[in-house]
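Residue numbers (this note's numbering): 1 to 265.
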């Protein structure tokens with residue numbers, strides 16, 4: 001563990017367009033929730049696992065006096081497109097009910113605008129909502145829109161090849177995500193990722209990662225390289241590192257040198 005920590009400390013840095021460090025742009029971390037009159041809610045129908053949400057949504061929005069419209073996604077890319085269209089119509093907030101992929105698409109669509117994103121608990125794993133402390137209960141999450149116990153927070157995103165991201169994994173993490181396909185998640189929910197991890201950890205791949213971080217060339221061998229804006233692993237209280245701050249203007253780079261099934265169990 002100490003060896004992994006030293007690697008993380010050495011490699012933590014801000015990645016510029018060509019791997020060079022640039023100072024983060026200071027931005028306010030939080031600001032009050034604006035007056036909300038209209039919300040567009042983008043829903044991934046595949047993310048709910050047959051959980052009825054309409055009654056809860058109606059009750060919450062009616063109580064707060066908010067007009068709302070539900071927009072359903074049908075394929076990859078729809079959530080980003082719908083978010084951009086929502087900004088053009090002048091809505092106050094774009095809410096999203098779905099998993100990590102849907103949340104990322106909506107964030108991409110809102111990037112560069114001043115329209116806040118409200119993340120509602122949906123999907124198999126919603127790691128960003130855990131990182132931000134958003135309740136897993138839908139009614140409690142919706143209550144945050146009132147602004148009585150919440151605020152709007154600026155969070156970091158990275159960019160690679162013109163694509164924005166919150167977390168990028170290279171190595172065994174990608175294999176685990178690939179193994180936990182849609183069918184597996186529909187059958188087992190969050191357990192699909194655990195089953196996939198147990199499978200892939202039997203013979204984890206090994207690679208040499210070569211990076212330019214803060215002007216320093218670093219090479220290290222390992223089974224996984226993570227470039228991330230947050231530390232949460234999707235379980236409240238557990239983090240890759242509590243030193244990672246999603247609003248500090250930095251990307252954190254971590255390399256797992258070695259891992260096997262026995263160490264996980």
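Backbone N, C-alpha and C define an ideal beta-carbon position, used for all residues, glycine too.
- Taking 8 Å as the upper bound for CB-CB distance, residue 223 and residue 206 are in contact here, some 6 Å apart.
- Per the Cβ contact rule, the region 70-84 is not in contact with the region 139-152 (fewer than 3 Cβ pairs under 8 Å).
- Using a 10 angstroms sphere on the CB of residue 90, the tally of other CB atoms stays under 16, which defines it as exposed.
- Look at residue 177 here: in three-state DSSP terms it is helix.
- Around the C-beta of residue 52, fewer than 16 other C-beta atoms lie within 10 Å, and the residue is accordingly described as exposed.
- Pairwise C-beta distances place the region 78-98 in contact with the region 37-46, as three or more of them are shorter than 8 Å.
- Selection 215, 239 and 245 evaluated against residue 229 yields 245 as nearest (Cα-Cα).
- Non-local C-beta neighbours of residue 45 in its own chain, meaning closer than 6 Å and more than five positions away in sequence, comprise 72, ordered along the chain.
- The beta carbons of residue 104 and residue 166 sit closer together than 8 Å.
- For residue 87, the uninterrupted alpha helix (DSSP H) run begins and ends at 78-89, by DSSP.
- Taking 4 residues as the minimum length, the alpha helix (DSSP H) runs contained wholly in the region 104-184 are 127-131, 138-143 and 172-179, in order along the chain.
- Linking residue 241 to residue 177 through their CA atoms gives a straight-line distance of about 21 Å.
- If you draw a straight line from the Cα of residue 133 to the Cα of residue 235, it is about 11 Å long.
- Short of 7 Å from the beta carbon of residue 199, and not among the five residues preceding or following it, lie these beta carbons of its own chain, in chain order: 179.
- Residue 107 is a Cβ neighbour of residue 157, given a cutoff of 8 Å.
- Around the CB of residue 233, fewer than 16 other CB atoms lie within 10 Å, so the residue is classed as exposed.
- From the listed residues 255, 247 and 249, the smallest Cα separation to residue 227 is found for 255.
- Close CB contacts of residue 138 within its chain, under the 7 Å cut and outside five residues either way in sequence, are with 53, 56, 120 and 121 (chain order).
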